[in-house]
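Top line first, the protein sequences correspond to chains C and Y. Residue 114 in the numbering used here sits at position 19 of the first sequence, with consecutive numbering throughout. Residue 23 in the numbering used here sits at position 21 of the second sequence, with consecutive numbering throughout.
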Amino acid sequence: MSKRKPTAPIESDHWRSIDEHDHPEAAREAVAREFPDDASELDGTSRREFMQLVGGTLALAGVGTLAGCKDSPEGVRPYNVKPADVTPGKPLHYATTLTHAGYASAVLATAWEGRPTKIEGNPEHPFTKGVSSSFDQAAILSLYDDTRAKEIKEHGTGRSWKQFCLAIESHAAGLKGDGGAKLAFLVEP
Amino acid sequence: MRPLFPPWSNTIFRLVLALLAGGAGGGLLLLLLYKRTPLQTLQSEPVTQPIEFDHRHHVSDDGIDCRYCHNTVETSSSAGYPATSVCMNCHAQIWNQSPYLDMVRKAYFSGQPIPWRRVHKLPDFVYFNHSIHVAKGVGCVTCHGRVDQMAEIRQGPNMQMSWCLDCHRNPTPNIRPKQYITAMIEEAPGQGTVEAKSSESGSNTAQNPQTMNDVHTRTSCTTCHR
């Protein structure tokens, strides 16, 4: 790891947060000072008051944790209409293909109630015979990318698949006129 | 010059030291005990659900078997919470205008699930499988209590490991014939007549035809902590 003096300019294409990327000068200044302004000054309260507050907070926190130790019951969300082949608590294995650099690998994805948890090679494939590469193993993480949508949303409000279908139906008539020329899907490459 | 500390300050010092040490140990003991009180184990605490589903009516009055709704109890580790379609099987026809069932209809037609609140929860480091318990003859009422008498479901036992071990070390009193699994009676006919084998012995039903359901004591750690 190279040592860099705090006042040296940050290389323009290395950034560690969206903020730093958007505002490089502000980030550079923030990084340059080891201790920000007023770090060693106590404004507004005297030292005695500060200690009293700390002691009071600690006592309150202790009482709070003791009384509030009990978690409220967790929520359960069963299916509205359970799919026929899904049994909650039993996994399903799906034979599928992952592509990487133009090559396909045959894998078995283990899914619990539709949520995939593990990717293994498909032992019945005549070429790979159950082998999976590190890319295949890592591919499970791409399904749980934080930036992936977790639910269908309409203008920011969560909706169900059914509601989405109903909404699309109501627009379909208008779109048919020009063969869907005004319909656009924005997707990631 | 006169000494700073009088002679009795030695006693005070030792007393305070002993109190601190005892206090620390006692504090820890109190914490351990507190975690096992019903306040923390949530034993017998009725849980209010978003819909006033009354098991007394559906089980006692209507005679619906547990497995009609909790239908994966014989095949899966989870007994399963009924899908909204199970409610609508009847309630699309009966009480289909009732305001009590507003949330059910709303959920069914919108596709968004009913926000039930979980009553029986084991920690994540425990593996519990319903199907094996049902297969070996443990009745629903043994662990969940008289559900047919509960307006709001409450946790019957304290769900501590010691309670599980009591049965795992001596399953005999809790095993009942298969036809009485969902019967809401604490003592089923034929209950407690099974000889549970030790976990070391293999399955030898042929040599011991008295043994019902091939029940073994299961006290190995990895039975539940996998």
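The beta carbon of each residue, even a glycine, is placed where N, CA and C say it ideally should be.
Residue range of the unbroken beta strand (DSSP E) whose run includes residue i
| i | result |
| --- | --- |
| A190/C | P186 to H195 |
| A234/C | From DSSP, A234/C is part of no beta strand (DSSP E) but of the alpha helix (DSSP H) over S229 to L238. |
| W97/Y | No beta strand (DSSP E) contains W97/Y, which DSSP labels as neither H nor E. |
| T144/Y | It is not in any beta strand (DSSP E) - T144/Y instead sits in the alpha helix (DSSP H) that spans C142 to H146. |
| G216/C | R210 to G216 |
| A268/C | No beta strand (DSSP E) contains A268/C, which is instead part of the alpha helix (DSSP H) from W256 to K271. |
| I247/C | I247 to E249 |
| A201/C | Y198 to W207 |
For residue i, the nearest candidate out of the options (CA to CA)
| i | options | result |
| --- | --- | --- |
| E1/Y | R171/Y, H227/Y and G141/Y | Because chain Y spans 3 through 228 in this model, residue 1/Y falls outside it and cannot be assessed. |
| G184/C | H266/C, P119/C, T212/C and G253/C | T212/C |
| L124/Y | T86/Y, S79/Y, W118/Y and Q114/Y | S79/Y |
| I116/Y | M161/Y, L103/Y, A81/Y and F127/Y | L103/Y |
| R171/Y | D150/Y, G192/Y, E197/Y and Q193/Y | E197/Y |
| R178/Y | Q193/Y, M186/Y and C169/Y | Q193/Y |
| I155/Y | M163/Y, C169/Y, H122/Y and Q181/Y | H122/Y |
| F111/Y | A279/C, H118/C and C260/C | C260/C |
| E219/C | L203/C, T182/C, A127/C and A262/C | L203/C |
| T77/Y | V181/C, G272/C and G170/C | V181/C |
| F55/Y | A137/Y, V106/Y and Q42/Y | V106/Y |
| V136/Y | R38/Y, Y182/Y and M163/Y | Y182/Y |
| P48/Y | I96/Y, A153/Y, Y83/Y and P5/Y | A153/Y |
Span separating the alpha-carbon of residue i from that of residue j
| i | j | result |
| --- | --- | --- |
| C166/Y | P52/Y | 30 Å |
| N91/Y | Y174/C | 14 Å |
| R69/Y | A154/C | 50 Å |
| T192/C | A201/C | 5 Å |
| P175/Y | D67/Y | 23 Å |
| L187/C | A179/C | 12 Å |
| Q258/C | T242/C | 23 Å |
| Q45/Y | K108/Y | 32 Å |
| K224/C | K277/C | 47 Å |
| G27/Y | R16/Y | 17 Å |
| S167/C | E124/C | 45 Å |
| Q114/Y | V128/Y | 30 Å |
| T207/Y | I235/C | Note that T207/Y has pLDDT 47, beneath the 50 cutoff, so the model's placement of it is unreliable and the number below is only indicative. C-alpha separation (whole angstroms): 44 Å. |
| W207/C | P101/Y | 35 Å |
| T74/Y | R172/C | 16 Å |
| N131/Y | V217/Y | 15 Å |
| Q99/Y | H59/Y | 18 Å |
| K248/C | L148/C | 44 Å |
| R148/Y | M186/Y | 6 Å |
Unbroken alpha helix (DSSP H) run spanning residue i, endpoints
| i | result |
| --- | --- |
| T43/Y | P40 to T43 |
| I113/C | I113 to D117 |
| R69/Y | C68 to C71 |
| I134/Y | H132 to K138 |
| V106/Y | D104 to S112 |
| M163/Y | M163 to R171 |
| N91/Y | T86 to H93 |
| G139/C | From DSSP, G139/C is part of no alpha helix (DSSP H); its letter is neither H nor E. |
| A187/Y | It is Ile, not Ala, that sits at residue 187/Y in the sequence shown. Here I187/Y belongs to no alpha helix (DSSP H), and DSSP marks it neither H nor E. |
| S11/Y | S11 to Y36 |
Beta carbon proximity, residue i to chain Y, threshold 8 Å
| i | result |
| --- | --- |
| R210/C | no |
| Q232/C | no |
| Q147/C | no |
| M96/C | Note on M96/C: pLDDT 49, under 50, position unreliable in the model; no value is reported. |
| V171/C | yes |
| P168/C | yes |
| N175/C | yes |
C-beta neighbour in chain C for residue i, strict 8 Å
| i | result |
| --- | --- |
| V149/Y | no |
Quick one, which residues of the stretch 177 to 193 of chain C are near chain Y if we go by CB-CB under 8 Å, in chain order? Cβ contacts with chain Y: K177, T182, P183, G184 and K185.
Could you name the residues of the stretch 69 to 88 of chain Y whose beta carbon sits closer than 7 Å to any beta carbon of chain C, in the order they occur along the chain? Taken in chain order, the members of the stretch 69 to 88 of chain Y whose beta-carbon sits within less than 7 Å of a beta-carbon on chain C are T74, T77, S78, S79, S80, G82, Y83, P84, A85, T86 and S87.
Please list, in chain order, the residues of the stretch 167 to 180 of chain Y that have any C-beta partner in chain C closer than 7 Å. Per Cβ criterion, the list is empty.
What are the residues in the stretch 98 to 128 of chain Y lying within 9 Å of chain C by C-beta distance? Those residues of the stretch 98 to 128 of chain Y that come within reach of chain C (Cβ to Cβ, closer than 9 Å) are A109, Y110, F111, S112, G113, Q114, P115, I116, P117, W118, R119, R120, V121 and K123.
At a Cβ cut of 8 Å, what residues of the stretch 38 to 55 of chain Y count as close to chain C, listed as they run along the chain? Answer in chain order: L41, Q42, L44 and V49.
What residues in the stretch 233 to 262 of chain C have a beta carbon less than 7 Å from any beta carbon of chain Y? Residues passing the 7 Å Cβ filter: S255, W256, K257 and Q258.
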